[in-house]
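Quick note on numbering: the sequence shown equals residues 454 to 693 in our numbering.
Don't be surprised by glycine CBs; every beta carbon is placed ideally from N, CA and C.
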Amino acid sequence: MYTWSTSTTIQNTVCWGAILFLDEETSKDNDAFRNSEWGPEAAAAMCEQVKDFPIISGGDKILTLQDLIDRTPKEFISKVMLEEKVFKTWFDCRTVLIGDACHKFNPAGGVGAANAIHDAIALANGINGLPFHPVAEEIEAVFRTYKEERIDRVEKAFDSSKTFKTMAGQSVSSKITRYLMKYTPSWVMDSVARRQNTNRPQAAFLPPAEDKGIVRPAPQPSLSIKAPEETEESKRTQAM
Ligand SMILES: Cc1cc2nc3c(=O)[nH]c(=O)nc-3n(C[C@H](O)[C@H](O)[C@H](O)COP(=O)(O)OP(=O)(O)OC[C@H]3O[C@@H](n4cnc5c(N)ncnc54)[C@H](O)[C@@H]3O)c2cc1C
């Protein structure tokens, strides 16, 4: 199943994209680990598959994606393979993952980049609090705390992205979801938006950003992590 969309930008250009949804069977033919599924050849092959899809022209002429493909510089056309998943393992020993490397959301949710940045903030706060010469257990403890701070938000983002993906489809459940969203009272939508907007993490080691929100930010445990105090001893060992 494909979906495709176009949107205009403030620079008077048109953005376009096409998504091919894969299931367990079809993903075997589109293996994300094969290099041939990335790069310009894969993008060109996908353009070939979607070129005849009709798009809104705003005039009498019937346009298709081919019209946009022809007008797009080749280096601006790319193809990515996406898997929707929240991985169980986020760290091991001194290695840690953030962003898409540990949680991949459907792009329909539009929250992947924001969550990658929120991961980076929580992790940076933890790393900033490490002693000057941390041992492996201390590093792993920071990684564990980072995952604990983020996992709940990430799972919620994953679920909401799935709902947005369902809304974009043509199945019966997609139509029901769209219907329910359309007739959901605005006060319910407001309360959902308010809950989402409580998630405004900050870096503990930078001056706090001015809070212009109308809802209070949610508690952020890593905000209270302080950098270790520099002592004569730590200065000496750092210089060595
Ligand atoms: C079509 C689409 C629309 C999206 N829309 C939105 C949106 O509206 N809002 C939103 O918040 N998110 C959106 N996202 C998701 C967002 O783009 C990602 O969640 C975000 O980019 C993840 O950031 P990241 O740093 O974790 O990974 P990436 O941005 O993927 O960065 C990883 C980097 O590592 C590099 N790399 C990979 N392997 C190696 C290697 N071996 N050596 C060196 N470098 C390497 C890659 O080239 C890449 O630059 C969208 C995604 C897609 C595909």
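- Of the heavy atoms belonging to ligand 1, at least one sits nearer than 6 Å to the Cβ of Ala569.
- Rounded to whole angstroms, Lys615 and Lys688 show a C-alpha spacing of 50 Å.
- Of the candidates Glu608, His586 and Trp469, the residue whose Cα lies closest to the Cα of Ile508 is Trp469.
- In terms of Cα proximity to Asp572, the closest of Lys557, Gly562 and His586 is Lys557.
- The criterion of a C-beta distance shorter than 7 Å is satisfied by Pro681 and Pro584.
- Nearest Cα to Thr619 within the set Pro560, Leu576 and His586: Pro560.
- Here the alpha carbons of Ala575 and Ser460 stand approximately 33 Å from one another.
- In the three-state scheme derived from DSSP, where H, G and I count as helix and E and B as strand, Pro674 is classed as helix.
- Judged by beta-carbon spacing, Lys541 lies beyond the 7 Å limit of Leu518, meaning their Cβ atoms are not closer than that value.
- Nearest C-alpha to Glu501 among Asp553, Asp482, Leu473 and Val625: Leu473.
- Distance from the CA of Gly579 to the CA of Ala589, rounded to the nearest whole angstrom, comes to 14 Å.
- Asp513 and Asn465 have their C-alpha atoms some 21 Å from each other.
- Taking the CA atoms as reference points, Lys532 sits about 9 Å from Ala471.
- In the DSSP annotation of this structure, the continuous segment of the alpha helix (DSSP H) that includes Thr616 starts and ends at Ala589 to Ala621.
- At a cut-off of 6 Å, the beta-carbon of Pro560 counts as near ligand 1: some heavy atom of the ligand is closer than that.
- Counting along the chain, the unbroken beta strand (DSSP E) around Ser458 starts and ends at Tyr455 to Thr461.
- CA-CA distance, Asp545 to Leu633, rounds to 42 Å.
- With a 10 Å radius around the Cβ and a threshold of 16 neighbouring Cβ atoms, Gly562 comes out buried.
- The C-alpha of Arg603 lies about 11 Å from the C-alpha of Cys555.
- Nearest in C-alpha terms to Ala577, of all of His586, Lys527 and Ile551, is Ile551.
- For the 7 Å CB-CB criterion, Thr651 and Ala621 do not form a contact.
- In the same chain as Arg606, and ignoring 5 residues on each side of it, the C-beta atoms closer than 8 Å to its own belong to Asn568, His571 and Asn652, in chain order.
- Around the beta-carbon of Met642, fewer than 16 other beta-carbon atoms lie within 10 Å, marking it exposed.
- For Ala554, there is no enclosing beta strand (DSSP E), as DSSP marks it with neither H nor E.
- For Ala495, the enclosing alpha helix (DSSP H) has its first and last residue at Gly492 to Val503.
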